[in-house]
């Protein structure tokens, strides 16, 4: 029963997109558990750590009526266990020393403890090179003294000073060479481990679980399914759940949305043998059953499934932090050419893909959760930079990091500030030592991040969808009218490009294009009516393009759907 002129019912469903951020993702379960009290999740997306959160959210929604969100609450509590996160990252033997140093360098304790931890990690890595350098330096010093007819016992104070300085210089040079050699060996060996320090899965049945093994079990537990029956995109679609995750084809230089079929012109293949190092046996068994070998002569390549793809596979392809976690190899075949494509973190191409589920006019809110400065709530509240975000004069590494951040995230940052976006995006503000690469965060730090996630979810519960709908409607109509008949800044409207000459050519059959005469004539008539009507959509005399454009300005263009 309708209510003419009345306020439409408030949506009871929502979409949710979550940004990547490595360990920052521990904030997401708390936010999701707040939103679930008021909304059903229909479309869920993310990149990197946001993809992991999206996967377990989809699993919880899949099992909503059988305790899915209660099991997500249990996972939320599990994430606060001491050492749980760092245990999922198990470096290769060659990368283990550097991994220890990186952990020591990012440890957020007192300054003194951090320095001691860092130096201890460095000493463990370079103990043998240091010992050899000292031995070589001492031996060279002894030979020099002996060649001059002296002995170490006969050296005076000045002699011992010269001897010590010589040892330091020689030992320092030796240590530098040893350090360089260790780095060269690591760089040389990294491709053998799929370009990552941590492969991300256990390599033998008796090994403890690594990230992919643990994550597979958590997805299955939350979804209420046995580990031998992996949750797939088909399972989710059967419950009306649309999960989409972002990854990056580094070889092809392009973002890829998973599942892949509807959004890409490239068909990817995989090798089950290569993937044995990356995924649990139960997932591999499923892939072997549903995907037959299509190129036996090129390494037993199989077509990458779409709907039947296990959620874990898509999540791991998105969750591939460069160098920290191994990349995922896929293949393409073009004629007689077979090419390997390396897939890395989704955050490389789009770390906050809030555009995933947007339509011109929404039927339900698409919420976004991200880690960064508060998004301004109005046009008058937009400082060029958040004063708490960066130092006034960062060091060189901070400056280079800012350049990298701008290159990777400029699109996501600008999009989050657009009208129609900013009011549905909630920032989770983290401080130094919270989230990011901090794999060794203590439980109290994780609890602080968790509380911030819960606050972000609670803030979105008061979202005014009706106000948002009107704003999106006005923006859509403004852009339509502007592109059709009222351009600015020297741009060409469709009215200007659709000249009388082109109208008559189209109406007469558009010779040489292969379109039929009837279709062409009707298309020309419909286009003329559209453009004539757009000139005077509002009989009150006003138009949708009156007044100043919203800031930042928006554009309506044909772009890839990623």
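Numbering (the UniProt record's numbering), first residue to last: 1 to 562.
Cβ coordinates follow ideal geometry from the N, Cα and C atoms, glycine included.
Using a 10 angstroms sphere on the CB of residue 203, the tally of other CB atoms stays under 16, which defines it as exposed. Straight-line measurement puts the Cα of residue 407 at about 13 Å from the Cα of residue 399. Rounded to whole angstroms, the gap between the alpha carbons of residue 198 and residue 470 is 48 Å. Annotation note: the stretch 280-330 contains the following uninterrupted alpha helix (DSSP H) runs of length 4 or greater, listed N- to C-terminal: 281-290 and 311-318. Bridge partners of residue 368 according to DSSP: 17 and 425. Three or more Cβ pairs drawn from the stretch 18-28 and the stretch 435-450 lie within less than 8 Å of each other, which places the two stretches in contact.
Between the beta-carbon of residue 342 and that of residue 327 there is about 4 Å, and that keeps the pair under the 8 Å contact cut.
Per DSSP, residue 464 lies in no alpha helix (DSSP H) and is assigned neither H nor E. Excluding sequence positions up to five before and after residue 357, its CB lies within less than 6 Å of the CB of 15, 43 and 366, all in the same chain and listed in chain order.
The Cβ-Cβ distance between residue 55 and residue 21 does not fall below 8 Å.
DSSP places residue 42 within a strand segment (E or B) once states are collapsed to three. Take residue 35, set aside five residues on each side of it, and the residues of its chain with a beta-carbon closer than 8 Å to its own are 14, 16, 41, 367, 457, 460 and 461, in chain order. For residue 228, the closest alpha carbon among the candidates 173, 274 and 284 is that of 284. A distance of 8 Å or more separates the beta carbons of residue 259 and residue 349.
When C-alpha distances from residue 557 are compared across 547, 480 and 323, the shortest belongs to 480. Excluding residues up to 5 positions away in sequence, 433 and 434 lie with their Cβ nearer than 7 Å to the Cβ of residue 445 in the same chain. Leaving aside the five residues that flank residue 290 on each side, the residues in its chain whose CB is nearer than 8 Å to its CB run, in chain order, 305 and 308. Shown here, residue 360 sits in coil according to DSSP, grouped into three states, outside any helix or strand. When the Cα atoms are used, residue 288 and residue 300 turn out to be separated by approximately 11 Å. In this structure, residue 215 sits near residue 52, with a CB-CB distance shorter than 8 Å. In the three-state reduction of the DSSP assignment, residue 513 falls in the coil class, being assigned neither a helical nor a strand state.
Taking 8 Å as the cut-off, the Cβ atoms of residue 497 and residue 507 do not count as close. Partner residues in the beta bridge of residue 255, as assigned by DSSP, are 248.
DSSP places residue 92 outside both helix and strand once states are collapsed to three, so it counts as coil. Between residue 353 and residue 246, the CB-CB gap stays under 8 Å. With fewer than 16 other Cβ atoms from the protein chains shown falling within 10 Å of its own Cβ, residue 396 counts as exposed. Taking a cut-off of 8 Å on C-beta distances, the stretch 68-82 does not touch the stretch 234-251, as fewer than three cross pairs fall below it.
A direct Cα-Cα distance of roughly 11 Å separates residue 249 from residue 332. Residue 200 places its beta carbon 8 Å or farther from that of residue 186.
Among the bridge pairs identified by DSSP, residue 270 is matched with 302.
According to the DSSP secondary-structure assignment, residue 338 is paired through a beta bridge with 333.
Given a length threshold of 4 residues, each whole run of the alpha helix (DSSP H) inside the stretch 484-544 is given here in chain order: 494-497, 500-507 and 517-535. DSSP, reduced to helix, strand and coil, places residue 69 within a helical segment of the structure shown. Listed in chain order, the non-local C-beta contacts of residue 274 below 6 Å within the same chain comprise 329, local neighbours out to five positions each way being set aside. Listed as beta-bridge partners of residue 242 by DSSP are 43.
Among the bridge pairs identified by DSSP, residue 232 is matched with 310.
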